[in-house]
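Residue numbers (the numbering used here): 270 to 817.
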């Protein structure tokens, strides 16, 4: 780390100054003399200056050293985060010192346990520099645990203060004391940020402490005899599921392809594990193998097989026509095989518009203009967006699904993996899988390709081609299984997918093109009321986008 010697000295001095200031703050609470209060306040500008110097050094190194690798950049980012949070601890010290003047009795605080807070804070500050420059994850975890202990100490004193407030006595002193403890508790939040920054500098990805511990426990349970500092965590971006997903592998030269670590809410992760088991029974090897599952209080984590290959979305962008045709053929063959194998007769209600209503507020937040009001012009009444959707909800109640199949539930083109070597398709991110209408998967797949914001003529033509071919494939399946309401359900599914997809697209013109398609289909559906739904048909051109 000789390249960062100057930074090490600066962050060491800053941590030392903050520790001195925290110690002076303790002296203020023990004996609130003007001399002690002045020492706390006078250090504030000095520490602020340290933070500015470190920040400037960090940015100058980022811009001035082109040879910095990812580990070096991660280290500089961690130093910057640590200096910011040390400065916050300094600010909280000043806030505490200022609160003392509002106590009518300087000895009032003695009935509360404030010294344990300072033992934890000073103990954590003492190991900040060592943990960072020695890449010591055990010390980083000790810093993080200080926040947990400070939270417990705060809760204990908070309950005691609230109980005393019930008497109506010493109200001013009690509220002032509560503020002091609140600032001490917030120092714990800053220490947690510091500990997580050290973990980031070692592991190479931003992990919350609960995510890091879940990863470590999952690897331990799987029998990975590997220090965490030798683990590479490559975050997989682009997910909107609310889960943390990353590829985990050794940073050595072994042949291991790694595993996928996924951490999130217990219900979602447990559902994914259960669905993988169901998929394995239907079509072995379709989904990744489960290597480990770890339960927490509210969250859970799972280790999954890392599937080599490309997503279907990546295949569409590939110039190799043969690979594209092979992959697209297998996507359709796999879907047919699953639908036929899991088909269960029995009528169930259609729910596309209900799903749309659960997401419509997010659409209007991203695009307020889409929430158009009712308009009257020359005696003609044009319904508002919500009125039109309410009418669609009534239509949906008239439509039933003739049979169900086991669906993916989130059949986006980037949740379908094609492995060329094995010539097979895999499904990932299956926590929404369930028995349902295959048109949910069809409509999601169609719009997931349409909504890709790439307007190159060649790529766009290929996306149009994928949409039309998959639509014809789905229609063929419907004919073979006498699905008389296929077209109306497809329309409702496309309306849902077109409109809800706009909440992820901030290109106003492209978002509007999807919203207009959804509303156009809605108008077609409503115009068809009173006639048999079996005679309705979705126009193919709805899936064709021309930007060029």
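We put the CB at the ideal spot given by N, CA and C, even for glycine.
| Which whole-angstrom value is the C-beta distance of residue 756 and residue 806, which I expect to be below 8 Å? | Translated into positions along the chain shown, residue 756 becomes position 487. Translated into positions along the chain shown, residue 806 becomes position 537. The Cβ separation is near 5 Å, so the contact holds.
| field | At least 3 beta-carbon pairs within less than 8 Å: the region 696-707 vs the region 540-552 | value | yes
| request: Give a yes or no on whether the C-beta atoms belonging to residue 399 and residue 471 are separated by under 9 Å. | output: To locate residue 399, count along the chain shown from 1; it is residue 130. To locate residue 471, count along the chain shown from 1; it is residue 202. The answer is no: Cβ separation not under 9 Å.
| message | Quick check on residue 738: does DSSP put it in helix, strand or coil? | response | Locating residue 738 in the chain shown gives position 469, where the first residue counts as 1. Taken through DSSP and simplified to helix, strand or coil, residue 738 comes out as helix.
| Whose C-beta lies closer than 8 Å to the C-beta of residue 281 among residues of the same chain, with five residues either side of it excluded? | For the purposes of this step, residue 281 is identified with residue 12 of the chain shown, where counting begins at 1. Closer than 8 Å at the Cβ level, and outside the excluded window around residue 281, lie 398.
| query | Counting only beta-carbon atoms, is residue 441 nearer than 9 Å to chain B? | reply | The structure shown contains no chain B; it is built from a single protein chain.
| field | Cα-Cα separation between residue 558 and residue 545, rounded to whole angstroms | value | Position 289 of the chain shown, counted from the first residue, corresponds to residue 558. Position 276 of the chain shown, counted from the first residue, corresponds to residue 545. Spanning the two alpha carbons is a distance of roughly 8 Å.
| Quick one, are the C-beta atoms of residue 814 and residue 732 less than 9 Å apart? | Within the chain shown, the letter at position 545 stands for residue 814. Within the chain shown, the letter at position 463 stands for residue 732. Closer than 9 Å, so yes.
| query | Would you call the region 710-724 and the region 766-773 touching, i.e. three or more CB-CB distances under 8 Å? | reply | yes
| Nearest-angstrom Cα distance between residue 707 and residue 811? | Position 438 of the chain shown holds residue 707. Position 542 of the chain shown holds residue 811. Cα to Cα, residue 707 sits roughly 20 Å from residue 811.
| query | Taking the alpha carbon of residue 309 as the point to measure from, which residue in 387, 388, 683, 290 has its own alpha carbon closest? | reply | To locate residue 309, count along the chain shown from 1; it is residue 40. It is 290 whose Cα lies nearest to the Cα of residue 309.
| task | Let me know the secondary structure DSSP gives residue 691 once reduced to three states. | result | Position 422 of the chain shown, counted from the first residue, corresponds to residue 691. Coil, per DSSP.
| query | What did DSSP end up calling residue 438 once you bin it into helix, strand or coil? | reply | Residue numbering aside, residue 438 sits at position 169 when the chain shown is read from its first letter. Reduced to three states, the DSSP call for residue 438 is coil.
| request: Could you check what DSSP says for residue 720 in three-state terms: helix, strand or coil? | output: As a working note, residue 720 is residue 451 in the chain shown. Coil.
| query | Do you know offhand how far residue 682's Cα is from residue 561's? | reply | For the purposes of this step, residue 682 is taken as the residue at position 413 of the chain shown. For the purposes of this step, residue 561 is taken as the residue at position 292 of the chain shown. Within the model, the alpha-carbon separation for residue 682 versus residue 561 is close to 26 Å.
| message | Need the endpoints of the alpha helix (DSSP H) that residue 603 sits in, please. | response | For this step, residue 603 is matched to residue 334 along the chain shown. Secondary structure note for residue 603: its alpha helix (DSSP H) is the uninterrupted segment 590-611.
| Does the region 448-459 come close enough to the region 372-384 that 3 or more CB-CB pairs lie under 8 Å? | yes
| said: DSSP three-state label for residue 798, please. | reply: Residue mapping note: residue 798 aligns to position 529 of the chain shown, counting from 1. Of the three classes helix, strand and coil, the one that applies to residue 798 here is coil, per DSSP.
| task | Report yes if the C-beta of residue 652 is less than 8 Å from at least one heavy atom of the ligand MN; otherwise report no. | result | Here there are no bound small molecules, and the ligand MN is not part of this structure.
| said: Can you tell me where the beta strand (DSSP E) holding residue 765 begins and where it ends? | reply: Residue numbering aside, residue 765 sits at position 496 when the chain shown is read from its first letter. No beta strand (DSSP E) holds residue 765; the alpha helix (DSSP H) holding it covers 755-770.
| task | Specify the secondary structure class of residue 529 as computed by DSSP and reduced to three states. | result | On the chain shown, residue 529 is found 260 positions in, with the first residue counted as 1. Residue 529: strand per DSSP, three-state reduction.
| task | Would you check if the region 724-741 and the region 580-599 touch, i.e. whether three or more CB-CB distances between them fall below 8 Å? | result | yes
| request: For residue 453, I'd like the list of residues in its chain whose CB is within less than 6 Å of its CB, leaving aside the five on either flank, ordered along the chain. | output: Working through the chain shown from its first residue, we reach residue 453 at position 184. If we look at residue 453 and ignore the five residues flanking it on each side, its Cβ neighbours are 386.
| query | When burial is assigned at 16 or more other CB atoms within 10 Å of the CB, is residue 294 buried or exposed? | reply | Against the chain shown, residue 294 aligns to sequence position 25. Per the 10 Å Cβ criterion, buried.
| request: Reducing DSSP to helix, strand and coil, say where residue 416 ends up. | output: Working through the chain shown from its first residue, we reach residue 416 at position 147. Residue 416 falls in the helix class under three-state DSSP.
| task | Ignore the nearest five residues each way along the sequence and tell me which others in residue 722's own chain have a CB closer than 8 Å to its CB. | result | Walking along the chain shown from the start, residue 722 turns up at place 453. These residues qualify, in order along the chain: 774, 776, 779.
| Whole-Å CB distance - residue 373 paired with residue 301, under 8 Å assumed | Locating residue 373 in the chain shown gives position 104, where the first residue counts as 1. Locating residue 301 in the chain shown gives position 32, where the first residue counts as 1. A Cβ-Cβ separation of about 12 Å leaves residue 373 out of contact with residue 301 under the 8 Å criterion.
| task | Please work out which residues of its chain come closer than 8 Å, Cβ to Cβ, to residue 643, disregarding the five sequence neighbours upstream and downstream, and give them in chain order. | result | To locate residue 643, count along the chain shown from 1; it is residue 374. Taken in chain order, the residues that qualify are 650, 651, 652, 653, 656.
| said: Tell me which residues share the same chain as residue 676 and place their Cβ nearer than 8 Å to its Cβ, disregarding the 5 neighbours each side in the sequence. | reply: Here the question's residue 676 lines up with position 407 in the chain shown. Hits under 8 Å: 702, 703, 704, 705, 706, 707, 709, 710.
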